Amino acid sequence: MNTAIPQSLSCQRCELRAGCKRVVLGWGSIPAKIIIIGEAPGSEEDTHGFPFIGPAGKLLRDTLSSYSISPDLVYITNAVKCRPKNNTTPRPAHISACKVWLDIELRETNPDLIVALGETATKVLWGMGALSVYRYEKGVGKRGQPLYRAPKLGELRPRDELKYNGIPVIVGYHPSAALQQVRFRAGFLRDIEKVAEFIGVREKRDGNSDRRYTEVLGMDERIEEYRGRDVAIDTEYDQSGNIIWYSYSKVSGEGYVVNRRDNKASRELLDKLIRIARRIKVHSAQADVPPICRFLGINIDDFPYEKIDDTAILGYLLGDKPLSLKSLAENRLGRKVVRLEEILADGDYNLDRVDRNLMINYSGQDADLTISLDQVLQKDINQKSNIKNKENPND
Ligand code: SF4
Numbered sequence: 001m002n003t004a005i006p007q008s009l010s011c012q013r014c015e016l017r018a019g020c021k022r023v024v025l026g027w028g029s030i031p032a033k034i035i036i037i038g039e040a041p042g043s044e045e046d047t048h049g050f051p052f053i054g055p056a057g058k059l060l061r062d063t064l065s066s067y068s069i070s071p072d073l074v075y076i077t078n079a080v081k082c083r084p085k086n087n088t089t090p091r092p093a094h095i096s097a098c099k100v101w102l103d104i105e106l107r108e109t110n111p112d113l114i115v116a117l118g119e120t121a122t123k124v125l126w127g128m129g130a131l132s133v134y135r136y137e138k139g140v141g142k143r144g145q146p147l148y149r150a151p152k153l154g155e156l157r158p159r160d161e162l163k164y165n166g167i168p169v170i171v172g173y174h175p176s177a178a179l180q181q182v183r184f185r186a187g188f189l190r191d192i193e194k195v196a197e198f199i200g201v202r203e204k205r206d207g208n209s210d211r212r213y214t215e216v217l218g219m220d221e222r223i224e225e226y227r228g229r230d231v232a233i234d235t236e237y238d239q240s241g242n243i244i245w246y247s248y249s250k251v252s253g254e255g256y257v258v259n260r261r262d263n264k265a266s267r268e269l270l271d272k273l274i275r276i277a278r279r280i281k282v283h284s285a286q287a288d289v290p291p292i293c294r295f296l297g298i299n300i301d302d303f304p305y306e307k308i309d310d311t312a313i314l315g316y317l318l319g320d321k322p323l324s325l326k327s328l329a330e331n332r333l334g335r336k337v338v339r340l341e342e343i344l345a346d347g348d349y350n351l352d353r354v355d356r357n358l359m360i361n362y363s364g365q366d367a368d369l370t371i372s373l374d375q376v377l378q379k380d381i382n383q384k385s386n387i388k389n390k391e392n393p394n395d
């Protein structure tokens, strides 16, 4: 572990040096398989002299570790090496002055992968000629020349063909954004997962590895396994109540996820699940049954309500609060859950715009949570009614 640029310690190339305690050098493996570039040091980094050691750095390092990405593979640095006053965003003049050090770090670490976290790192790479294929024309200048703007993080983040000097680039959310706004958290995890996939680490080590959420295309070949079983069904629908995704599960820890795009096959599968299941477990029949009926083209009165168990009602009867699926799961199962707002693209409630893998994990999770919750709540209800029967045998 070392730094690539010790001579930068005495740098005075821009005004930021006057307002901070020290130049915070990049740190890590040289050469490195991965170089991670953030924005600028924060207060902890300025005090101790190492990059990414504050809360955002902890989240980054913990997440890398959870994906089995060894620190021996990584060099971590910032686009700007001195802390801007009051943690403001570095200005273009600072970025441009400090670029000389990033150039050296990129050369010395000779990485197989560059990871740019946040808008500033993205803009720096763009300014260095990377990602130039994505120069967006904004308009025409006074002398008729084309004007360009740097692409936004959200425009580059979904792309996987980005390169800088032939080195692949992954653009992702900064961990401080994931800390400050819950809606960026799942995206940040997905970005680090992409890094793990790039270096060939596919298994996530976080205790969730026993949970499997899988997309089903066409008719599920294992459909007969559901005959006579309890099956949880969960729907994700748009603002008009039309199903976009649904998921099902017969056992805690698994969830199968279906997109409505292949309407015929996905309709047949849902219809068959409902017909062959012994009991249908949902969280809020009031929310799930109308979209299911609409999707299957059946009258809402013809739904087999007699087969339904509703975990929201079970929670209500047991006095649980709040009664949303995620809150109940956190309280009753002690599970860390992903909420919808964490995976929506920039908060836009358009499920078609959500990253496909995120949606599969999210929707699969909901069927898994429903079947898991049902088991716990049914057990509690049975225990309570047994106690009541013993206390009042004539009731
Ligand atoms: S921010 Fe970079 S360029 Fe500016 S003084 Fe610090 S090390 Fe030098």
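Numbering-wise, the numbering used here puts 353 at position 353 of the sequence shown, and it's gapless, one number per residue. Cβ coordinates follow ideal geometry from the N, Cα and C atoms, glycine included. Bear in mind that the values here come from a model prediction, so they are computed numbers and not experimental data.
> Among Arg157, Asp230, Tyr164, which residue has its Cα nearest to the Cα of Lys194?
Replying inline: Arg157
> Since Val74 and Ile36 are thought to touch, with beta carbons under 8 Å apart, how far apart are those beta carbons, to the nearest angstrom?
Replying inline: 6 Å
>> For Asp72 and Ile5, what's the separation of their Cα atoms in angstroms?
In response: 18 Å
>> Per DSSP, what are the beta-bridge partners of Asn2 in this structure?
In response: Gly28
> Smallest Cα separation from Trp27: which of Gly315, Ile381, Val337, Gly49?
Replying inline: Gly49
>> Nearest by alpha-carbon distance to Ala178: which of Leu60, Lys123, Asn110 is it?
In response: Leu60
> So, is Gly57 buried or exposed, given that buried needs 16 or more other C-beta atoms within 10 angstroms?
Replying inline: buried
> Helix or strand or just coil, what does DSSP make of Tyr305?
Replying inline: helix
> Do Asp320 and Leu328 have their CB atoms nearer than 7 Å?
Replying inline: yes
>> How far does the beta strand (DSSP E) with Ser65 in it extend, from its first residue to its last?
In response: Segment 55–66 is the alpha helix (DSSP H) holding Ser65; no beta strand (DSSP E) there.
> Taking buried to mean at least 16 other C-beta atoms within 10 Å of its own C-beta, is Ile300 buried or exposed?
Replying inline: exposed
>> Please identify the residue among Asp302, Leu369, Ser70 whose C-alpha is closest to the C-alpha of Asp310.
In response: Leu369
>> Just to confirm the assignment: which complete beta strand (DSSP E) runs, minimum length 3, are found wholly within the region 162–198?
In response: 167–172
> So, using beta-carbon positions, are Ile360 and Tyr246 closer together than 7 Å?
Replying inline: no
> Roughly how many angstroms separate the alpha carbons of Asp62 and Lys123, rounded to a whole number?
Replying inline: 26 Å
> Is Leu16 near ligand 1, judged by its Cβ being under 6 Å from some heavy atom?
Replying inline: yes
> By how many angstroms is the C-alpha of Ala18 removed from the C-alpha of Lys204?
Replying inline: Here Lys204 scores only 43 on pLDDT, less than 50, and its place in the model should not be relied on; the value that follows carries that caveat. Cα to Cα, Lys204 sits roughly 43 Å from Ala18.
> According to the neighbour-count rule (16 or more other Cβ atoms, all chains shown, within 10 Å of its Cβ), is Pro304 buried or exposed?
Replying inline: exposed
> Shortest alpha-carbon distance to Thr47 belongs to which of Lys21, Ser66, Ser68, Pro55?
Replying inline: Lys21
> Fully enclosed by the region 281–352, which alpha helix (DSSP H) runs are 4 residues long or longer?
Replying inline: 285–296, 311–317, 325–328, 340–343
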